[in-house]
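Engineer:
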Amino acid sequence: MTASLLSISGLSAVSDREGGAPILRDVSLSLERGEVRGLVGESGAGKSTIAKALLGILPRTVRVTGGTIQFEGRDLLTMPARDLRDIMGAQISLIPQDPQTALNPGRRIEAQLTDGLRLRRGLSRREAHVRALKLLEEVHIRDPERVLRAFPHELSGGMRQRVLIAAAFALEPKLVVADEPTTALDVTVQKQILRLIRDMQKVHGTAVIFVTHDLGVVAQICDSVTLLYAGKVIEAGATADVLQNPKHAYTKALMAAGPRYDRPDAGLEPVPQAVFEQLRAEIGIR
Amino acid sequence: MAENLLTATGLEVVYGGRRGVKVLHGVDIAIRRGETVGIVGESGSGKTTLGRALLRLVDVSAGSIHFDGRDITHLPEAEMRPLRRRIQMIFQDPMASLNPRHTIRRILVEPLLLHGLAKNAAEAEARVAKILERVTLPAACLDRNPHELSGGQRQRIGIARAALLEPDFVLADEIVSGLDVSTQAQVLKLLKGLSADLGLAMAFISHDLSVIRAVCDRVYVLRFGKVEEEGTCAEVFANPKSDYTRILLDAIPLPEINPGWLDPKTGIEDAA
Numbered sequence: 001m002t003a004s005l006l007s008i009s010g011l012s013a014v015s016d017r018e019g020g021a022p023i024l025r026d027v028s029l030s031l032e033r034g035e036v037r038g039l040v041g042e043s044g045a046g047k048s049t050i051a052k053a054l055l056g057i058l059p060r061t062v063r064v065t066g067g068t069i070q071f072e073g074r075d076l077l078t079m080p081a082r083d084l085r086d087i088m089g090a091q092i093s094l095i096p097q098d099p100q101t102a103l104n105p106g107r108r109i110e111a112q113l114t115d116g117l118r119l120r121r122g123l124s125r126r127e128a129h130v131r132a133l134k135l136l137e138e139v140h141i142r143d144p145e146r147v148l149r150a151f152p153h154e155l156s157g158g159m160r161q162r163v164l165i166a167a168a169f170a171l172e173p174k175l176v177v178a179d180e181p182t183t184a185l186d187v188t189v190q191k192q193i194l195r196l197i198r199d200m201q202k203v204h205g206t207a208v209i210f211v212t213h214d215l216g217v218v219a220q221i222c223d224s225v226t227l228l229y230a231g232k233v234i235e236a237g238a239t240a241d242v243l244q245n246p247k248h249a250y251t252k253a254l255m256a257a258g259p260r261y262d263r264p265d266a267g268l269e270p271v272p273q274a275v276f277e278q279l280r281a282e283i284g285i286r
Numbered sequence: 287m288a289e290n291l292l293t294a295t296g297l298e299v300v301y302g303g304r305r306g307v308k309v310l311h312g313v314d315i316a317i318r319r320g321e322t323v324g325i326v327g328e329s330g331s332g333k334t335t336l337g338r339a340l341l342r343l344v345d346v347s348a349g350s351i352h353f354d355g356r357d358i359t360h361l362p363e364a365e366m367r368p369l370r371r372r373i374q375m376i377f378q379d380p381m382a383s384l385n386p387r388h389t390i391r392r393i394l395v396e397p398l399l400l401h402g403l404a405k406n407a408a409e410a411e412a413r414v415a416k417i418l419e420r421v422t423l424p425a426a427c428l429d430r431n432p433h434e435l436s437g438g439q440r441q442r443i444g445i446a447r448a449a450l451l452e453p454d455f456v457l458a459d460e461i462v463s464g465l466d467v468s469t470q471a472q473v474l475k476l477l478k479g480l481s482a483d484l485g486l487a488m489a490f491i492s493h494d495l496s497v498i499r500a501v502c503d504r505v506y507v508l509r510f511g512k513v514e515e516e517g518t519c520a521e522v523f524a525n526p527k528s529d530y531t532r533i534l535l536d537a538i539p540l541p542e543i544n545p546g547w548l549d550p551k552t553g554i555e556d557a558a
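For the protein sequence lines, the chains are U and P, in the order given.
Heads up: the first sequence begins at 1 in our numbering, then just goes up one per residue.
Heads up: the second sequence begins at 287 in our numbering, then just goes up one per residue.
(1) Go ahead and label A558/P buried or exposed: buried means 16 or more other beta carbons lie within 10 angstroms of its beta carbon, across all protein chains shown.
(2) By DSSP's criteria, D83/U is part of a beta bridge. Which residues make up the other side?
(3) May I ask you to report which of helix, strand or coil DSSP gives D26/U?
(4) Mind checking which residues open and close the alpha helix (DSSP H) that includes Q472/P?
(5) Kindly indicate which residue of A178/U, P144/U, L113/U, V62/U has the alpha-carbon position closest to the one of S15/U.
(6) Between the segment 466-492 of chain P and chain U, which residues of the former have a C-beta closer than 8 Å to a C-beta of the latter?
(7) Any idea what DSSP makes of R342/P, helix, strand or coil?
(8) Any idea what DSSP makes of L291/P, helix, strand or coil?
(9) What does the alpha-carbon distance come out to for the pair G89/U and G106/U?
(10) E277/U to I69/U, Cα distance in whole Å?
(11) The segment 495-516 of chain P: which residues have C-beta closer than 7 Å to a C-beta of chain U, in chain order?
(12) Between which two residues does the beta strand (DSSP E) carrying R318/P extend?
(13) Does the beta-carbon of Y301/P have 16 or more other beta-carbons within 10 angstroms, so that it is buried, or is it exposed?
(14) Do L508/P and G303/P have their C-beta atoms closer together than 8 Å?
(15) Ignore the nearest five residues each way along the sequence and tell me which others in D503/P's own chain have a CB closer than 8 Å to its CB.
(16) Would A542/P pass as a contact of A219/U if the rule is Cβ separation under 8 Å?
(17) Counting only C-beta atoms, is F523/P closer than 8 Å to chain U at any point?
(18) Return the residue from the list I443/P, T334/P, L435/P, P526/P that minimises the CA-CA distance to L310/P.
(19) If you compare alpha carbons, which of G122/U, S156/U, Q161/U, E154/U is closest to V139/U?
(20) In the DSSP assignment, find the unbroken beta strand (DSSP E) run with T65/U in it and report its ends.
(21) If we define contact as Cβ-Cβ less than 8 Å, is V40/U a contact residue for chain B?
(22) Can you give me, in chain order, the residues of the segment 194-214 of chain U that have a beta carbon less than 9 Å from any beta carbon in chain P?
(23) Taking 8 Å as the threshold (beta carbon to beta carbon), is P368/P in contact with chain U?
(24) Any beta-carbon of chain U closer than 8 Å to the one on S329/P?
(25) Thinking C-alpha only, which one of A348/P, E289/P, N290/P is nearest V313/P?
(26) H140/U by DSSP, collapsed to three states: which one?
(27) Report the three-state DSSP secondary structure of H493/P (helix, strand or coil).
(28) Check whether the Cβ of I376/P lies closer than 8 Å to any Cβ atom in chain U.
(29) Taking just the CA atoms, how far does M159/U sit from R370/P?
(30) Taking Cβ-Cβ distances shorter than 7 Å, what residues in chain U pair up with E542/P?
(31) Which residue comes first and which comes last in the alpha helix (DSSP H) that contains L119/U?
(32) Find out if the Cβ-Cβ distance for the pair R337/P, D459/P is shorter than 8 Å.
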């Protein structure tokens, strides 16, 4: 049996800002090479905290109190900082949520796209330029020469997100963490970006952790899904199983709460208070 | 069929002076008494500008707006003021639209006194208590400041404040876009019930066609400052006439497995 690419086991964390309140409770999940796993939940579910833990960018106010994050068999949480630096950005990379703020407004796209290639892959300026052009073509940017010379504000939101996807795949990582990458985009652009992430992921055989609050997005792009509430895994499994045959009352209620353009009566059924009470009892809140 | 309460014809709005950018290119819209009309479009479609123009919050460069049979297109602000109570707005971000230094009590009581809907503070308080119950918030909220409430609670205060003034028309601009699904359903259900109870006419602006489907009777699809398609929700969602509407609908991911949904469909999306 080959080990999973990523295996999170018993991960727990507390927030010092909220007086040591737990924000992750014994979270376990694993990810095979090339698999796309959705991390879903409403605000405060802990999905972004897990993403940050994977990238080694947890805020100082968050303290991990237990568990391991095994990436290719090594625990990211106890690894020397120097080894972690070698992995982050190269083996594990990020597609951020907000394409407006993720790029440095004062630097041209070329500089931002080639930093990693030059510093970490040792490419020359010329080689990095050629590679950057290729990457932009791969994410379907027309006129990549112009885009390389552009500053971020000269590009549309969708274009910036394409640049960030190119950057995330630039060093051929094994794992890409996509943190709500389409939340800020119009639906037609969202669809193009989802398709692009799926295509890039397939071509490069990259595993993806896809953080989202949208079960529709999960259905279309994720092989498997982990649903969280208050830092606890509520339900997990293959996407088709979870969506077609949800076991937990909360999963069912969430599905019913979402509006659907093909169903006039959907979207008006709030998650019942009893379900939240059940969740709190199960998790042991108060 | 109920009569029109608010109509606009050939509405044009230009931002930035004489050489400015035209963001509305001749929009016709009519909202009947008691009906909820969705205004949907992507960023830059002009949906927010249309809403603001209907409320006379931006100046129009051409076209006319009638409210309750009266031409209000160029009505001076002093003459608009008596109408302001009848035309209310619920904002996208209640954190920005509720004064952070005021208690919820003051936020709700003050407009009642200002508009003379309550003779004194006691009477105003009584009405506030009633509406709070209607939006299912505990009376304890009254002594809080906006930041002490959750996003869903704040948005319910926004709804309560608009409903308190017994308006004829309410404009709701992206009022659930920042909320979680479970909270969103709660707010939508409340809004739908309240508008039915009060017989409100409402314009509901959203980028989300699924949300529009849940609360609206009719819908206007906006694109580049023009109405691309208009009709009852039943018609438009089941049988869109415009390619653009079809592309918008097709771009919404539904929570069910749909192999091939992500595959390109003969280039029509590139036109979008």
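Using N, Cα and C, we set each Cβ at its ideal position, and we do this for glycine too.
Structural biologist: On the basis of the data shown:
(1) Low confidence applies to A558/P: its pLDDT is 38, below 50, so where it sits in the model is not reliable enough to give any reading.
(2) None; D83/U has no bridge partner.
(3) strand
(4) 467-484
(5) Ranking A178/U, P144/U, L113/U, V62/U by Cα distance to S15/U puts V62/U first.
(6) For the segment 466-492 of chain P, the set of residues with a beta-carbon nearer than 8 Å to any beta-carbon of chain U comprises D466, V467, S468, T469, Q470, A471, Q472, L474, K475, K478, in chain order.
(7) coil
(8) strand
(9) A direct Cα-Cα distance of roughly 21 Å separates G89/U from G106/U.
(10) Distance from the CA atom of E277/U to the CA atom of I69/U, rounded to whole angstroms, is 31 Å.
(11) L495, S496, V497, R499, A500
(12) 307-318
(13) Around the beta-carbon of Y301/P, fewer than 16 other beta-carbon atoms lie within 10 Å, marking it exposed.
(14) no
(15) E321, T322, V323, T518, C519
(16) Ala is not the amino acid found at residue 542/P; the sequence shown has Glu there. Yes, these two residues count as a Cβ contact at 8 Å.
(17) yes
(18) The shortest C-alpha separation from L310/P is found at T334/P.
(19) Q161/U
(20) 62-71
(21) Although the question refers to chain B, the structure presented lacks it and instead comprises the protein chains U and P.
(22) L194, R195, R198, D199, H213, D214
(23) no
(24) yes
(25) A348/P
(26) coil
(27) coil
(28) No, I376/P lies away from the interface with chain U (no Cβ there is under 8 Å from its Cβ).
(29) 42 Å
(30) A219, L243
(31) 109-121
(32) Note that residue 337/P is Gly in the sequence shown here, rather than Arg. In contact: G337/P and D459/P (Cβ atoms closer than 8 Å).
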